[in-house]
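Let me begin by presenting the structure, written as structure tokens, before commenting on it.
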Amino acid sequence: MGMSGKNRNKLGGRMLWQLLASVKLSVLVLSLLALTSILGTVIPQNTPAMLLEQKVGSAGVAVLTFFDLTDMYHSWWFRFLLVLLAVNLVVCSVERLQGQRKILFGSRGSLRPERFKNVRQWGAFSVNGRPAEVAAVLSGGLGRAAVTAAGDEVSQTLVWETGRWTRFGVYGVHASILLLLAGGMVGSLTGFEGRMRVPEGGQEDTVELNRGGSLPLDFSIRCDAFSMKLHASGLPDEYRSTLTLLEGDREILTRDILVNNPLMYKGIRIFQSSYEIMPAGKVTLGITGRSDGLTRPVEAAIGDTIPLSDGQTLTLLSFISGFQLRGHPLGDALICRIQSPDGDPREVALPVQFPGFDKMRGGNEVLSLLDYDKQYVTGLQVTRDPGVPIVYSGFLLLFIGCWVTFFMGHQRFCIEITCQDAGTQVRVLGLTDRNPLGFRQLMTRLTCRLAKRAGASEPDVSRLSLT
Numbered sequence: 044m045g046m047s048g049k050n051r052n053k054l055g056g057r058m059l060w061q062l063l064a065s066v067k068l069s070v071l072v073l074s075l076l077a078l079t080s081i082l083g084t085v086i087p088q089n090t091p092a093m094l095l096e097q098k099v100g101s102a103g104v105a106v107l108t109f110f111d112l113t114d115m116y117h118s119w120w121f122r123f124l125l126v127l128l129a130v131n132l133v134v135c136s137v138e139r140l141q142g143q144r145k146i147l148f149g150s151r152g153s154l155r156p157e158r159f160k161n162v163r164q165w166g167a168f169s170v171n172g173r174p175a176e177v178a179a180v181l182s183g184g185l186g187r188a189a190v191t192a193a194g195d196e197v198s199q200t201l202v203w204e205t206g207r208w209t210r211f212g213v214y215g216v217h218a219s220i221l222l223l224l225a226g227g228m229v230g231s232l233t234g235f236e237g238r239m240r241v242p243e244g245g246q247e248d249t250v251e252l253n254r255g256g257s258l259p260l261d262f263s264i265r266c267d268a269f270s271m272k273l274h275a276s277g278l279p280d281e282y283r284s285t286l287t288l289l290e291g292d293r294e295i296l297t298r299d300i301l302v303n304n305p306l307m308y309k310g311i312r313i314f315q316s317s318y319e320i321m322p323a324g325k326v327t328l329g330i331t332g333r334s335d336g337l338t339r340p341v342e343a344a345i346g347d348t349i350p351l352s353d354g355q356t357l358t359l360l361s362f363i364s365g366f367q368l369r370g371h372p373l374g375d376a377l378i379c380r381i382q383s384p385d386g387d388p389r390e391v392a393l394p395v396q397f398p399g400f401d402k403m404r405g406g407n408e409v410l411s412l413l414d415y416d417k418q419y420v421t422g423l424q425v426t427r428d429p430g431v432p433i434v435y436s437g438f439l440l441l442f443i444g445c446w447v448t449f450f451m452g453h454q455r456f457c458i459e460i461t462c463q464d465a466g467t468q469v470r471v472l473g474l475t476d477r478n479p480l481g482f483r484q485l486m487t488r489l490t491c492r493l494a495k496r497a498g499a500s501e502p503d504v505s506r507l508s509l510t
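What follows is the structure in structure tokens.
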């Protein structure tokens, strides 16, 4: 007889639950996250396509872009792995809670003397008096209300526990990981990372996002001054930008920022990231014909378009400091785009230090950069991450959860008081789920304290040293 649809749904749901509660799934997801994180450190993230193409070629750029490997921490599959890890952690925690429900949520009277039946370690002492009287004396010295689990004329049993709540420590660790994941997701979904290039004396209000596109801010950033200290070798030692934030025409604040000393305003952090040198105004280009060897100087500014021979046009795109071609440094360079009437646009670089560099292009005209006035441009990293407070809370909870889990424990105690021929015998037993060595020391002190309170002779704690 076939299985009904309802039963099939129940079976499918149970199989899915078991899959999500599997430790193997945890290992798999964590391994994938570790592997992809390694890829994220090897593969340059948020690198401009032109610079990335110089390293891996156009086919490599197409593959990396298709799999979102150039911005993998914002990719759908990386977020899916984080969500899957969070779901797996929640399901595993629920499964564990169900197995420990009686221990964690049982009533105070659920602790029974039978639980201590197989305990191999205990402290003991003998005392005069009836078991009920001894039980009353000892319970008064515990500093807590002990539960009388059993009692009659010849025996009494006291049981109590401390630190049951410490079993929640591991769930605190799980919750902290969920907070860390949630903080990362909040930052990934609602935060941003980008760059701004602000010329000295100029101002900008739009962030160029690392993952593409732009984002206007509700305030402007003006660079009042830029300075740089150099090492004796000539390498940069310190960048310093004097920035002024403006809302409309009103100046909000002015402050110097350094590489490790950012400015924060309205939850947005502004870091000193880099610097560039760009033309202060127009540049002078040299256009040399291959046939006659004559050079024609032309003045133009960034963004201008210049007509070339054969109907081609030359557009000045940007000026890059420290330009590299296939890993080889070429210094400052002007980046241009040549557009043919019937062809695809082509980007070309005109390094300042190599005026004949464009000869390799093989065009009818050789382009070069003849002259320009330098101007510093401060490079700013602008970020906003609303998930940071959540992440900090997760780290705090992680510390507390680990402390509770590894350094505190659920301790259960039992005092057996029995009437024997030689007097009343008292045994002190205990159970713990953490730090057995420290617990034996605690049991030794407890036995000695109880023996002293009952007026007994030196207690026997030899069995507490058994392993």
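The numbering of the sequence shown is our numbering, which starts it at 44 and goes up by one. Each residue gets a CB set at the ideal place from its N, CA and C atoms; glycine is no exception.
Exclusion of the five residues before and after L140 leaves L147 and Y214 as the residues of its chain whose Cβ lies within less than 8 Å of its Cβ. The three-state reading of DSSP puts R254 in coil, since its state is none of H, G, I, E or B. The alpha carbon of G346 has as its nearest neighbour, out of R333, R339 and G324, the alpha carbon of G324. T90 carries a coil assignment under DSSP once its states are collapsed to helix, strand and coil. Here L439 is exposed, its C-beta having fewer than 16 other C-beta atoms within 10 Å. H117: not part of any alpha helix (DSSP H); DSSP gives it neither H nor E.
Taking the C-beta atoms as reference points, L423 is found no nearer than 8 Å to I320. Segment contact: the segment 450-470 against the segment 261-271, fewer than three CB-CB distances shorter than 8 Å; contact not assigned. Per DSSP, H217 lies in no beta strand (DSSP E); the unbroken alpha helix (DSSP H) holding it starts and ends at G212 to T233. Taking C-alpha positions only, G142 is separated from R210 by approximately 12 Å. Boundaries of the alpha helix (DSSP H) around K67: V66 to V85. Between L127 and V72, the C-beta spacing is below 8 Å.
Residue range P479 to A497 is occupied by the alpha helix (DSSP H) that includes M486. L112 counts as buried, since no fewer than 16 other beta carbons sit within 10 angstroms of its beta carbon.
Residue A343 holds the alpha-carbon nearest to the alpha-carbon of C379 among A343, T249 and C491. In terms of Cβ geometry, H217 and L132 form a close pair [threshold 8 Å]. When DSSP states are grouped into helix, strand and coil, E176 belongs to the helix group. Within the segment 307-382, the runs of beta strand (DSSP E) that reach at least 3 residues and sit entirely inside it are, in chain order, 311-322, 326-332, 338-343, 348-350, 356-368 and 371-382. DSSP places V469 in the strand class (E or B) of the three-state scheme.
In the three-state reduction of the DSSP assignment, K160 falls in the coil class.
By the Cβ test, the segment 192-211 is not in contact with the segment 370-390, since fewer than three Cβ pairs between them sit closer than 8 Å.
The distance from the Cβ of G237 to that of E251 is about 5 Å, consistent with a contact at the 8 Å cut-off.
A distance below 8 Å separates the beta carbons of L224 and L125. Per DSSP, K402 is not a residue of any alpha helix (DSSP H), being assigned neither H nor E.
Going by beta carbons, P174 and V202 fall outside the 8 Å limit. With 16 or more other Cβ atoms inside 10 Å of its own Cβ, G212 counts as buried. Every beta strand (DSSP E) stretch that sits fully inside the segment 407-441 and reaches 3 residues is listed by chain position as 408-414 and 417-427. In this structure N171 is exposed. Its beta-carbon is surrounded by fewer than 16 other beta-carbon atoms within 10 angstroms. Distance from the CA atom of D353 to the CA atom of V326, rounded to whole angstroms, is 23 Å.
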